[in-house]
Every structure is written in C-alpha cells, then in structure tokens.
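Colleague:
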Amino acid sequence: MLLDVRQRERISRALRTGLLGLTLAATLVATALAQASPGGTAQSNPASQGTAASAPAPATSAPQGIPAPLPPRVGLSLVVLDPAHGGTDLGARGTEGIRESDVVLQFAAQTKKALEFQGFQVIQTRDANDNPSFDDRSARVNAQRGAVFITLHVASTGLAGTARVYVMPEIPPVEHPNGLIPWDKAQAPFVGLSKKLGDLVQAELAKRFKGSPTTALVAPVRQLRTTAAPAIAVEISSVSVEDRADLDRMVPGVADAIARGVSEFKLSYVVPTIASPGGGTRP
Amino acid sequence: MTPRWLIWLAGILLAAVIAAALYFPSLRHQVDKVAQLTEKTAEQARRELIPPAPARSGGPMVKAKMYWGTRAQDGTLRAVIVDLPLSDDPVLRAKQVLNTLLAGPVDPEARTLPPDAALLAFYILPDGTGIADFSEALGTSIPSGIQSEQTAVESITRTLEANVPQVQRLKILIHGQEVDSLAGHLDLTQTYQVNGSGVATQPPPSSTSITTRSIQKAYEKTKAATKR
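Protein sequence lines correspond, in order, to chains D and Y.
Numbered by the numbering used here, the letters in the first sequence go through residues 1 to 283 in order.
Numbered by the numbering used here, the letters in the second sequence go through residues 1 to 228 in order.
What follows is the structure, encoded as structure tokens:
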C-alpha cells in the first residue's frame with residue numbers, strides 16, 4: 001500500500017514535470033522559429049529582463065517595409081494565494097491556542113477581497129482545513145499564465161505586529177539538454193521578478209507595520225522553489241501574541257499592502273507571449 | 001453456628017488475597033520493565049549504534065565561536081566564545097561544536113535549536129560537504145516559521161564556518177533521511193553554503209567571552225557524549 005502511494009506520487013510528479021517541460025519546450029521552439037523567420041521582429045520586454053521569460057516575436061513573416069503586427073501584451077491577471085499548512089499540519093502554535101493554519105485562512109480571505117477589488121482574479125490553494133502538498137500548491141500556479149504566487153504564514157517568533165516578505169535566493173541557471181526546467185528548480189527563471197514583487201509588497205507592509213523591513217528578505221523557502229511564477233512568502237509575527245485580536249487587527253493592513261504591491265507590480269510585468277506553431281500568437 | 005464450607009471459603013479467599021499481595025510488587029516491577037522497553041524508540045536504538053565522538057582528553061582548550069540567537073528572537077545571531085577541548089579531526093570537531101550548540105547558551109531564550117534535539121551523526125564528504133544528521137526533534141520541536149528555521153540553520157552553518165574550516169557546504173538530514181523542509185518552511189533538500197557566502201544575511205555582533213555553569217554543562221554534555 002505504501003509502495004502504491006509512493007509510486008502514484010512519483011507518477012504524478014513525473015506527469016507534472018512533463019507538462020511543465022512540454023510548455024517550456026513549446027516556448028523555446030516557437031521562439032527559435034520566430035527568430036529564424038525573415039522579417040520577424042523581437043519585441044522588447046523590460047519587465048522580464050534578466051530572467052528566462054521573454055516575449056517572442058510573432059511567427060508570421062511580413063512583407064518588406066510593413067512591420068509585423070505585435071502580439072497582444074498579456075498582463076498580470078491572476079493571483080494564487082496560498083494559506084500555508086492546514087489539516088493535521090497546524091503550523092506555528094501560540095500559547096493562547098492560536099494556530100497558524102487557522103489564522104492564515106483569515107488573512108487569505110481578506111487579501112482575496114482586496115485583490116478582487118483591484119480587479120485581479122484570485123485562486124486559493126485551500127479554502128478549508130485541508131493540507132495540499134508543496135507540489136500540489138505549486139501546481140495550482142504552474143498551470144496558469146499571467147499569475148503570481150503568494151504564500152501566507154504566521155511565525156512563532158519575531159517582533160509582534162511586523163510582517164516580512166521572503167523571496168528565494170538566486171538558483172544556479174539550469175542547463176538541461178532538452179531545454180526543460182526541472183520541476184524542483186521551477187523558480188529559477190523567476191527569482192528576479194519575485195524579488196521585484198517582494199520589494200514592492202514589503203515596502204507597502206513597512207508603511208503600515210512599524211519595525212518591518214523595508215525590502216524583501218532572502219530565504220530558501222521550500223514552497224517557493226517549485227513555483228514557476230513570481231512568488232513570495234509573507235510572514236506575519238506572531239502566534240505568540242497574548243491576544244488573538246492583535247493579529248486580527250493586522251488583517252486589513254496586510255491585505256491592503258499585498259493588493260497594492262501586486263497592483264504596482266502589474267504595471268511593469270508583462271507575461272511572456274507564446275507563439276503558436278501555425279503563426280500568430282496566443283496569450 | 002457457621003457452616004463448615006463457609007469457613008473453608010473464607011480461608012481460601014484470605015489465602016488468595018495474601019498471595020496476590022505478595023505477588024503484586026513483582027508484577028509491578030515487570031510492568032515497569034516492559035514500559036521502559038516500549039519507550040525505547042528506534043531513534044534511541046540508532047543513537048546507541050552510533051560510534052561515540054571521543055574528545056581529546058587532557059588536550060588544550062580552544063576558543064570555539066558559537067552562534068546563538070538573542071533574547072529578542074528577531075533572527076539575529078550573536079557570536080559567543082566558549083573554551084572547548086576541540087579535536088584536530090574535523091569530523092570530531094564538528095560533532096563537538098554542534099553538540100555544544102545544541103546544549104544551548106546561558107540564556108535559554110537565545111536558543112536557536114530545540115533542547116531535545118540531538119546530533120545523530122556527522123561526516124564529511126571528499127568535496128567538503130558536511131552531512132549533519134539530527135534527530136526528529138530538530139523538526140518537530142523547533143518554533144515553526146521561516147525566520148526561526150532560518151535562524152536555526154544559520155546558527156549551525158556559522159558555527160561550523162567559524163570552527164571547522166574543512167566544511168564547505170552543509171546538508172542536513174533528519175533521522176538519516178532527506179526531508180522537504182525543517183518544520184514546514186525552510187528547504188532542506190538543498191545544501192547550505194558554509195564557508196564563503198553562507199545563508200547569513202546579517203553581520204555578527206562583537207564576540208563575547210563567557211565562562212558559566214551553562215557552558216560548563218555544555219562541555220560536560222559534549223564530553224559525556226564522546227565517552228559514551
């Protein structure tokens with residue numbers, strides 16, 4: 001039985017890796033085709049400079065003198081919110097019975113409202129007391145385009161009433177013979193964008209919560225590593241407060257700060273456009 | 001007049017009670033013994049199998065730099081100088097400093113690692129990667145959170161960096177296994193840089209030299225662990 005579960009997990013992981021790989025391979029092939037076609041133009045993409053994401057030129061060839069039509073710019077439209085822990089994993093626990101797995105659901109609900117008010121579509125990795133795996137949570141965002149990922153945590157430590165944003169450290173460039181990005185290094189091409197998003201959200205948090213850092217911190221957070229999108233972890237301090245109301249008072253501020261940070265990030269972030277094999281583009 | 005059979009019955013019952021009273025201490029002793037046997041976990045059995053890390057008995061004391069937290073528990077680390085009889089062998093030396101780190105500082109609030117966690121094994125690969133195998137308590141008893149878990153790993157890497165220059169990178173195992181995360185947050189599938197960049201983000205404050213009962217206790221614990 002144990003063997004079956006492990007085997008199923010392996011197959012599931014292999015399928016997910018394969019799907020991600022196929023998508024990335026299609027992007028690379030389309031890019032190569034577009035660059036090889038005469039008359040094709042390269043569209044600059046300032047938001048994705050320094051990362052693996054880039055907007056390819058349209059695959060169709062245009063007559064001399066007539067500029068090729070630019071592909072429609074696809075912007076950030078979706079936010080995947082991840083209330084951490086859940087189910088049997090309670091996360092951090094305070095002396096007053098405060099449980100991280102419960103509190104983050106409250107933060108997520110309010111943040112979702114604030115983001116929707118800003119015009120974003122929001123998906124949550126969990127709405128109830130269940131505990132999806134790290135990979136299941138990553139899969140929710142990796143299956144999307146034009147999304148960012150925000151995982152919400154409440155710490156056991158830290159100055160009460162502060163909030164910190166964490167992003168992954170630089171991951172060495174992945175050299176894979178078939179051009180695919182391994183699932184376990186999915187964050188590698190997005191580290192730069194994640195840092196940008198993290199700094200914007202952290203700046204907003206610092207305005208609202210005195211004592212919070214002014215820029216995003218760097219930590220190898222497991223959840224972020226397998227996420228193929230700009231991804232940040234927001235950690236609030238802490239479950240050790242004497243009164244749960246102290247945390248409740250932080251909810252609107254955290255939600256507003258995240259919504260404003262993501263909105264600001266949206267202005268400069270353009271989702272890479274993938275050229276379809278038959279010419280033209282698809283968002 | 002009491003019937004004869006009733007007297008016999010009372011006598012038999014009395015004898016049974018006396019026999020039970022005599023047998024009870026022996027039974028209790030056996031139950032306690034069985035309970036102790038069941039409490040002996042696989043991890044304890046593993047600890048017994050691990051060869052001890054002998055200390056350099058009678059050797060000169062070396063000033064070891066230990067990185068513990070601060071009372072503020074804000075993720076900052078503070079270097080503390082501790083006199084320890086460190087071995088010349090890098091593996092034994094690493095075990096000694098990590099056991100001292102686990103024993104904790106004078107102020108229990110400044111702990112970075114849970115008190116019930118234990119170092120089960122440590123070895124160094126030819127490429128300079130140190131493998132530290134901790135008991136499950138490292139993951140289950142540590143305060144959960146990105147900040148606290150990062151502080152714990154930083155305290156280990158910085159302490160190794162300061163005292164065991166042969167260790168270039170660190171891989172942390174829990175009970176002999178690679179795990180996804182320390183306590184749900186920090187990634188343990190990767191190796192941590194020890195000498196060089198490291199995961200540290202803040203410079204250590206000035207070192208403080210102290211000699212207290214707690215440090216002595218830590219030393220005794222290290223010595224006991226190595227003699228076992």
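Cβ atoms here follow ideal geometry from the backbone N, Cα and C, with glycine treated the same way.
Here the structure is a predicted model, which is why all the values come from computation and not from measurement.
Cβ atoms of residue 233(D) and residue 146(Y): under 8 Å apart, would you say?
Modeller: Against the second sequence, residue 146(Y) aligns to sequence position 146. Against the first sequence, residue 233(D) aligns to sequence position 233. Yes; because the gap between Cβ atoms is below 8 Å, this pair is in contact.
Colleague: Nearest to residue 86(D) by CA position, among 128(D), 76(D) and 113(D), is which residue?
Modeller: Taking the first sequence and counting its residues from 1, the one referred to as residue 86(D) is at position 86. For residue 86(D), the nearest C-alpha among the options comes from 128(D).
Colleague: So who's on the other strand from residue 93(D), going by DSSP bridges?
Modeller: As a first step, residue 93(D) is located in the first sequence; it is residue number 93 there, counting from the start. 99(D), per the DSSP bridge assignment.
Colleague: Here's a check: name, in chain order, each residue in its chain whose Cβ is nearer than 6 Å to the Cβ of residue 173(Y), leaving out the five neighbours to either side.
Modeller: The residue labelled residue 173(Y) in the question sits at position 173 within the second sequence. Closer than 6 Å at Cβ, skipping near neighbours: 133.
Colleague: Write down the C-beta distance between residue 151(Y) and residue 75(Y) rounded to the nearest angstrom, noting that I regard them as a contact closer than 8 Å.
Modeller: For this step, residue 151(Y) is matched to residue 151 along the second sequence. For this step, residue 75(Y) is matched to residue 75 along the second sequence. With a Cβ gap of about 5 Å, residue 151(Y) and residue 75(Y) count as contacting.
Colleague: Could one say the Cβ of residue 168(Y) lies closer than 8 Å to chain D's Cβ atoms, at least one of them?
Modeller: On the second sequence, position 168 is the one that residue 168(Y) refers to. Chain D contact via Cβ: absent.
Colleague: Where does the unbroken beta strand (DSSP E) through residue 149(D) begin, and where does it stop?
Modeller: Counting from 1 along the first sequence, the entry for residue 149(D) is found at position 149. Start and end: 147-155.
Colleague: Run through chain Y and tell me which residues come within less than 8 Å of residue 221(D), C-beta to C-beta.
Modeller: Locating residue 221(D) in the first sequence gives position 221, where the first residue counts as 1. Chain Y residues near residue 221(D): 146, 185, 186 and 187.
Colleague: Please classify residue 164(D): does DSSP put it in a helix, a strand, or coil?
Modeller: Here residue 164(D) refers to the residue found at position 164 when the first sequence is read from its first residue. Note: residue 164(D) maps to strand in three-state DSSP.
Colleague: Determine the DSSP secondary structure at residue 218(D), reduced to helix, strand or coil.
Modeller: Against the first sequence, residue 218(D) aligns to sequence position 218. In this structure, residue 218(D) counts as strand in the three-state DSSP scheme.
Colleague: Relative to the alpha-carbon of residue 150(D), which residue among 203(D), 230(D) and 179(D) has its alpha-carbon at the smallest distance?
Modeller: As a position in the first sequence, residue 150(D) is number 150, starting the count at 1. For residue 150(D), the nearest C-alpha among the options comes from 230(D).
Colleague: Identify the contact partners of residue 248(Y) in chain D, using a Cβ-Cβ distance below 7 Å as the criterion.
Modeller: Because residue 248(Y) is not part of the residues shown, which for chain Y are 1 to 228, the question remains open.
Colleague: Spatial neighbours of residue 144(Y) within its chain, please: CB distance less than 8 Å, with the 5 preceding and 5 following residues excluded, ordered by chain position.
Modeller: For the purposes of this step, residue 144(Y) is taken as the residue at position 144 of the second sequence. Excluding residues within five positions, the ones whose Cβ falls inside 8 Å are 183, 184 and 185.
Colleague: Chain D partners of residue 127(Y), CB-CB under 8 Å?
Modeller: As a first step, residue 127(Y) is located in the second sequence; it is residue number 127 there, counting from the start. Per Cβ cutoff of 8 Å: no residues; residue 127(Y) is ~16 Å from chain D at best.
Colleague: Beta carbon of residue 134(D), beta carbon of residue 180(Y): below 8 Å?
Modeller: Here residue 134(D) refers to the residue found at position 134 when the first sequence is read from its first residue. Here residue 180(Y) refers to the residue found at position 180 when the second sequence is read from its first residue. Going by C-beta atoms, residue 134(D) is nearer than 8 Å to residue 180(Y).
Colleague: When the Cβ atoms of the segment 255-263 of chain D are set against those of the segment 195-209 of chain D, are three or more pairs found closer than 8 Å?
Modeller: Flag = yes, the segment 255-263 of chain D and the segment 195-209 of chain D touch.
Colleague: So that I know if they touch, is there some Cβ in chain Y lying closer than 8 Å to that of residue 166(D)?
Modeller: For this step, residue 166(D) is matched to residue 166 along the first sequence. Yes - at least one Cβ of chain Y is within 8 Å of the one on residue 166(D).
Colleague: Output yes or no for whether 8 Å exceeds the beta carbon distance between residue 64(Y) and residue 97(Y).
Modeller: Position 64 of the second sequence, counted from the start, is the residue given in the question as residue 64(Y). Position 97 of the second sequence, counted from the start, is the residue given in the question as residue 97(Y). It is a contact, given that the beta carbons lie within the stated cut-off.
Colleague: Would residue 73(Y) pass as an interface residue toward chain A - the criterion being a Cβ-Cβ separation below 8 Å?
Modeller: Included in the structure are the protein chains D and Y, with no chain A among them.
Colleague: Under 8 Å, with one C-beta from each stretch per pair, do the segment 107-123 of chain D and the segment 157-169 of chain D reach the 3-pair mark?
Modeller: Taking 8 Å as the limit for Cβ pairs, the verdict is that the segment 157-169 of chain D does not touch the segment 107-123 of chain D.
Colleague: How long is the line joining the alpha carbons of residue 81(Y) and residue 158(Y), rounded to whole angstroms?
Modeller: In the second sequence, counting from the first residue as 1, residue 81(Y) sits at position 81. In the second sequence, counting from the first residue as 1, residue 158(Y) sits at position 158. If I take the Cα positions, the gap works out to 13 Å.
Colleague: Comparing alpha-carbon positions, which option in 250(D), 224(D) and 249(D) lies nearest residue 148(D)?
Modeller: For the purposes of this step, residue 148(D) is identified with residue 148 of the first sequence, where counting begins at 1. It is 224(D) whose Cα lies nearest to the Cα of residue 148(D).
Colleague: Compute the distance between the beta-carbons of residue 167(Y) and residue 117(Y), then report whether it is under 8 Å.
Modeller: Reading the second sequence from its first residue, position 167 is the one you call residue 167(Y). Reading the second sequence from its first residue, position 117 is the one you call residue 117(Y). No, these two residues do not count as a Cβ contact at 8 Å.
Colleague: Pick out whichever of 24(Y), 61(Y) and 68(Y) has its Cα sitting closest to the Cα of residue 110(Y).
Modeller: Here residue 110(Y) corresponds to residue number 110 of the second sequence, with the count starting at 1. Of 24(Y), 61(Y) and 68(Y), the residue nearest in Cα terms is 68(Y).
Colleague: Taking the beta strand (DSSP E) that residue 124(Y) falls in, what are its first and last residues?
Modeller: In the second sequence, the residue the question calls residue 124(Y) occupies position 124. That run of the beta strand (DSSP E) goes 119-124.
Colleague: Whose Cβ in chain D lies nearer than 7 Å to the Cβ of residue 150(Y)?
Modeller: Position 150 of the second sequence holds residue 150(Y). Residues of chain D passing the Cβ test: 219.
Colleague: Which residues does DSSP list as the beta-bridge partners of residue 86(D)?
Modeller: As a working mapping, residue 86(D) is identified with position 86 in the first sequence. 89(D), per the DSSP bridge assignment.
Colleague: Is there a Cβ of chain D sitting closer than 8 Å to that of residue 90(Y), yes or no?
Modeller: Sequence index remark: in the second sequence, residue 90(Y) carries index 90 (1-based). Chain D, which has no Cβ nearer than 8 Å to the Cβ of residue 90(Y), makes this no.
Colleague: Report yes if the CB atom of residue 164(D) is closer than 8 Å to the CB atom of residue 213(D), and no otherwise.
Modeller: Residue numbering aside, residue 164(D) sits at position 164 when the first sequence is read from its first letter. Residue numbering aside, residue 213(D) sits at position 213 when the first sequence is read from its first letter. A contact, by the Cβ cut-off of 8 Å.
Colleague: Along the chain, where does the alpha helix (DSSP H) containing residue 201(D) start, and where does it finish?
Modeller: Counting from 1 along the first sequence, the entry for residue 201(D) is found at position 201. 191-208 is the extent of the alpha helix (DSSP H) around residue 201(D).
Colleague: Is the beta carbon of residue 169(D) less than 8 Å from the beta carbon of residue 218(D)?
Modeller: By one-based count along the first sequence, residue 169(D) stands at place 169. By one-based count along the first sequence, residue 218(D) stands at place 218. Taking 8 Å as the Cβ cut-off, residue 169(D) and residue 218(D) qualify as a contacting pair.
Colleague: For chain D, is any of its Cβ atoms less than 8 Å away from the one on residue 108(Y)?
Modeller: Reading the second sequence from its first residue, position 108 is the one you call residue 108(Y). Taking Cβ atoms only, chain D never reaches closer than 8 Å to residue 108(Y), which makes this a no.
Colleague: Note down, in chain order, each residue of its chain lying with its Cβ closer than 6 Å to the Cβ of residue 105(D), except the 5 sequence neighbours on either side.
Modeller: Residue numbering aside, residue 105(D) sits at position 105 when the first sequence is read from its first letter. These residues qualify, in order along the chain: 83.
Colleague: At 7 Å on the CB atoms, spell out the chain Y contacts of residue 157(D), in chain order.
Modeller: Here residue 157(D) refers to the residue found at position 157 when the first sequence is read from its first residue. The contacting residues are 73, 143, 145, 147 and 148.
Colleague: With a threshold of 6 Å on Cβ separation, who are the neighbours of residue 131(Y) within its own chain once the five nearest residues in sequence on each side are excluded?
Modeller: Along the second sequence, read from residue 1 onward, the residue named residue 131(Y) stands at position 131. Closer than 6 Å at the Cβ level, and outside the excluded window around residue 131(Y), lie 123 and 171.
Colleague: For the segment 74-119 of chain Y, list the alpha helix (DSSP H) runs that are entirely contained and at least 4 residues long, ordered along the chain.
Modeller: Listed in chain order, they are 90-103.
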